[in-house]
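S.K.: Pasting in a structure now, in structure tokens, and then I'll have a few things to ask.
In this note's numbering, the protein residues as written are 104 to 335.
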């Protein structure tokens, strides 16, 4: 990764990931990203690449919500899984997340899609792949990001206790084998996409389950309400 990216990485993550950035696969990933940014629009913007880590320090993580790769439309991705910048129309999957949240906890549906307010409370909004070419979903798969984010999951699994891993969809569900269910709570369901939400995402009750688990371990519940235009 470019030095400027590392310089802005939050300290508790940087100390754990410095050696990872020295691995040969990361150099190959950097070369790939440099070529991609030269030839194409790539999201999120470079400044937002590590937004999930910078907003949610390692020791502050309570919940990990695992997404796939960033939104690939202009002015959407800003480094938090499922989240979009305020002022950008809320994507269908996030609308379904809000619908489930409303049905589960009665939380009013926000008027925007910026989830920064959740991230600041300890919800690590992590994609398995951190970049994407404009208008081409999954275009940066198998370039090295999966190994990097697997390392994130491993670090959290090993060093922390009583975390909640929220795995929506088949791709995220495959990560369950990396997580020690004796130490952590694993919540799984179909993806909130309109193609699959009716197969079990709606009614999964994950938001109330998260707060019950946090309360049981005196970790402080998440306030899922989002202020208007949160994050700006």
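Backbone N, C-alpha and C fix where the C-beta goes; we use that ideal spot for every residue, glycine too.
Note that the coordinates shown come from a computational prediction; the quantities given were computed from them, not determined experimentally.
(1) Which whole-angstrom value describes the C-beta separation of residue 215 and residue 331, a residue pair presumed to lie in contact below a C-beta threshold of 8 Å?
(2) Using DSSP's beta-bridge definition, name the partner residues of residue 170.
(3) Quick check for students: name the residue ranges of the beta strand (DSSP E) that lie wholly in the segment 242-293, counting only runs of 3 or more.
(4) For residue 120 and residue 129, what's the separation of their Cα atoms in angstroms?
(5) Short of 6 Å in beta carbon distance, which residues of its chain neighbour residue 153, apart from the five on each side in sequence? Order them along the chain.
(6) Taking residue 158 as part of the alpha helix (DSSP H), name the residues at either end of that continuous run.
(7) Using 8 Å as the Cβ pair cut-off and three pairs as the minimum, do the segment 130-146 and the segment 207-225 touch?
(8) When the Cα atoms are used, what is the spatial distance from residue 203 to residue 305?
(9) Identify which residue in 261, 167, 234, 228 has its Cα closest to the Cα of residue 136.
(10) Nearest by alpha-carbon distance to residue 291: which of 147, 269, 310, 278 is it?
(11) Among 311, 249, 191, whose alpha-carbon lies nearest the alpha-carbon of residue 217?
(12) Would you identify the three-state DSSP class for residue 315, choosing helix, strand or coil?
(13) If you reduce the DSSP assignment to three classes, tell me which class residue 310 lands in.
(14) Go through its chain and collect everything with a Cβ distance to residue 151's Cβ below 8 Å, but skip five positions before and after it.
(15) Starting from residue 137, trace the alpha helix (DSSP H) both ways and give me its first and last residue.
(16) Could you check the C-alpha separation between residue 146 and residue 172 for me, to the nearest Å?
(17) How many Å lie between residue 299 and residue 187 at the Cα?
(18) With 16 as the cutoff for other CB atoms within 10 Å, does residue 195 come out buried or exposed?
M.R.: A quick look at the data gives this:
(1) 7 Å
(2) 230
(3) 267-271, 288-292
(4) 11 Å
(5) 112
(6) 154-158
(7) no
(8) 6 Å
(9) 234
(10) 269
(11) 191
(12) helix
(13) helix
(14) 180, 181, 182
(15) 127-142
(16) 10 Å
(17) 21 Å
(18) exposed
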